[in-house]
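Sequence positions in the sequence shown follow this note's numbering and run 18 to 521.
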Amino acid sequence: MDALFPALAAGSDRPALRFGAETLTYDELGRVAGALAVRIAGAGRVAVWATPTARTAVAVVAALLAGVPAIPLNPRTGERELAHILGDSTPGVVLAGADDDLPAGLAELPRIDVETAVAHDTPVSANSGGRPGDPESAALIVYTSGTTGPPKGVVLSHRAIAASLDALEEAWAWTGDDVLVHALPLFHVHGLILGILGPLRRGGSVRHLGAFSVEGVARELGAGGGTMLFGVPTMYHRIADALAGDPALVRALAEARLLVSGSAALPVHDHERITAATGRTVVERYGMTETLMLCSLGVHPQTPASVPVGSPPRPGSVGLPLRGVELRLVEEDGSELGAPYDGERVGEIQVKGPNLFSAYLNRPDATAAAFDGEWFRTGDVAVREPDGYVRIVGRKATDLIKSGGYKIGAGEIENALLDHPAVREAAVTGEPDPDLGERIVAWVVAEDAAKPPTAGELADHVAGQLAPHKRPRTVHFLRALPRNDMGKLLKKALPEALAEALDG
Ligand code: MCA
Ligand code: AMP
């Protein structure tokens, strides 16, 4: 197998990473990551304190070069979730920045501070292109939520990462000349694998904004030098909102080669607003932590970079399966929906391919349950148009919420709420939200109806235990949760219970 980063081995003074004022060339990245790789070789698994900084990119590249599995940690992870992840993945060391203030949960773990400055005596590491080790070995362990229980560690191999990034190279004519702009978090597949490892595998460069802002996008794209933008629908929604009063933003988007949205469906209305203002079509792609990338609209490689085209715009569609991905739709009764497709019949998306994960860490039961034979069950429900294009229409599990592009299990939030002393019963649902896609709503029965906790207190509690993006944005207080005769919670009846909500 190819080493993941041929351009690192070659070394050059071309920019690889830029985070704010900090830039690392391929030569510099090869030296600092190569030196760190030598230090962590044999460390077992390494946790990476995944702030949106160059240090995170250096730490992850070093782990990949050393052949040591990396576990990216959301630096805002709350106590309970962090304890679970550390207990499950048992890293031998944590890589962080010298000025990062690590929480108590990490105090026991040896710490290595990640340097991004090249010491004069740092040699170009012999392995800075990475040893062509076992392609099946674990490269990253990325935690993802399920409907119930704590998040599961998805073990991703070098093979899966290379296969997925190379399929995107073809679909998007992605080259070393591309400069990717994004502001995605670096502890998930989208921001880390696509957004950092993707450009590095191509020998191109990435400019990370640190935090998302429409101004940052306008500054870096187009005339700013950026050729591609990756974002979740919430980011494109905010961009669409800003276009009317911002000619510089319109120009920046119009001049970019490729605008890509993923992690959740981009509403047709936002597609239309962006196209109307800029003449550009946002390219949707579909993937999952367990499968990496599965489908995308494509661009035509022969099109000059200055001419912005996508394959025929198809808002609401995620395009065709990528190279190497086998995809089928399976009906409730287990029968496969074959061609000819009619754009009407609905089935669960199941997939096979070299891009798939290896296993859920320590969870052979969950790994086995996720497959139908060799086919991975995505839980996403779709139709195929007569020409094979895939259109996602929903999800099998109503207890999975996609908010701001993050996947969040209702069960883990319910458990966290139930841990609050003032909460007797709790149910969590996702409700449509124009900005976040879905908004987390908590339905709570207080221990003492006369003295319920405040909504803000419960949001802080969930943010502190799990993560801020899992906090409920709306809390309704009820006298009782709707249940059937067997005592089973009836989530579908919750909206009706709203009329009797104590919060008015
Ligand atoms: C607010 N904050 C709080 C609280 N309230 N913090 C603690 N406790 C509270 N009670 C803080 C937040 O931490 C944050 O701080 C700030 O207030 C605003 O938070 P929030 O409102 O949550 O942020 P947002 O504006 O809603 O964020 C929108 C976003 C974000 C930027 C679009 O949702 C995002 O980055 N989404 C990306 C998700 C993603 O990458 N998904 C990929 C996984 P501060 O402002 O300081 O940060 S899916 C995947 O990988 C698959 C493979 C795929 O297909 O891509
Ligand atoms: P995650 O497990 O966080 O990696 O999220 C994966 C899920 O995000 C998929 O199973 C889909 O439900 C959803 N998803 C990702 N990309 C898209 C897209 N372009 N359109 C609709 N849903 C998407």
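The beta-carbon is built from N, C-alpha and C at its ideal position, and this holds for glycine as well.
If we ignore side chains and look at the alpha-carbon of each, how far apart do residue i and residue j end up?
i: residue 408; j: residue 364; result: 11 angstroms
i: residue 503; j: residue 514; result: 18 angstroms
i: residue 319; j: residue 194; result: Residue placement at residue 319 cannot be trusted, given a pLDDT of 43 that sits under 50; what the coordinates show is reported in the next sentence. Those two C-alpha atoms are separated by around 15 angstroms.
i: residue 218; j: residue 507; result: 48 angstroms
i: residue 393; j: residue 349; result: 15 angstroms
i: residue 54; j: residue 40; result: 20 angstroms
i: residue 347; j: residue 180; result: 25 angstroms
i: residue 442; j: residue 461; result: 6 angstroms
i: residue 354; j: residue 362; result: 8 angstroms
i: residue 26; j: residue 312; result: 30 angstroms
i: residue 146; j: residue 499; result: Caution is warranted here: a pLDDT of 47 is assigned to residue 146, below 50, making its placement in the model unreliable, and the coordinate value is therefore given only provisionally. Roughly 58 angstroms separates the two Cα atoms.
i: residue 510; j: residue 473; result: 25 angstroms
i: residue 457; j: residue 228; result: 22 angstroms
i: residue 136; j: residue 267; result: 42 angstroms
i: residue 156; j: residue 496; result: 49 angstroms
i: residue 285; j: residue 72; result: 37 angstroms
i: residue 171; j: residue 133; result: 28 angstroms
i: residue 435; j: residue 126; result: 30 angstroms
i: residue 70; j: residue 480; result: 22 angstroms
i: residue 36; j: residue 44; result: 17 angstroms
i: residue 24; j: residue 370; result: 26 angstroms
Shortest alpha-carbon distance to residue i belongs to which of the options?
i: residue 114; options: 75, 264, 420 and 102; result: 75
i: residue 169; options: 403, 516 and 429; result: 429
i: residue 357; options: 406, 32, 90 and 92; result: 406
i: residue 42; options: 152, 171 and 216; result: 216
i: residue 410; options: 360, 368 and 31; result: 360
i: residue 15; options: 178, 454, 189 and 314; result: Nothing can be reported for residue 15: it is not among the residues displayed for the chain, which extend from 18 to 521.
i: residue 97; options: 353, 501, 181 and 483; result: 483
i: residue 424; options: 499, 164 and 387; result: 164
i: residue 427; options: 455, 266 and 231; result: 455
i: residue 150; options: 86, 289, 494 and 187; result: 86
i: residue 333; options: 340, 303 and 339; result: 303
i: residue 253; options: 56, 490 and 422; result: 422
i: residue 159; options: 174, 230 and 371; result: 174
i: residue 235; options: 259, 60, 221 and 251; result: 259
i: residue 305; options: 290, 287 and 282; result: 282
Regarding residue i and the ligand AMP, is the C-beta to nearest heavy atom distance less than 7 angstroms?
i: residue 302; result: yes
i: residue 389; result: no
i: residue 413; result: no
i: residue 409; result: yes
i: residue 206; result: yes
i: residue 280; result: yes
i: residue 396; result: yes
i: residue 419; result: yes
i: residue 369; result: no
i: residue 335; result: yes
Is there at least one non-hydrogen atom of the ligand MCA closer than 7 angstroms to the beta-carbon of residue i?
i: residue 453; result: yes
i: residue 169; result: no
i: residue 223; result: no
i: residue 253; result: no
i: residue 449; result: no
i: residue 393; result: no
i: residue 218; result: no
i: residue 485; result: yes
Tell me, to the nearest whole angstrom, how far the beta carbon of residue i is from that of residue j; I am working on the premise that it is less than 8 angstroms.
i: residue 418; j: residue 447; result: 3 angstroms
i: residue 519; j: residue 492; result: About 11 angstroms; that fails the 8 angstroms criterion.
i: residue 295; j: residue 271; result: 5 angstroms
i: residue 204; j: residue 90; result: 6 angstroms
i: residue 129; j: residue 112; result: 5 angstroms
Step through the CB atoms of chain D and report whether any lies within less than 8 angstroms of the CB of residue i.
i: residue 497; result: Of the protein chains in this structure there is only one, and it is not chain D.
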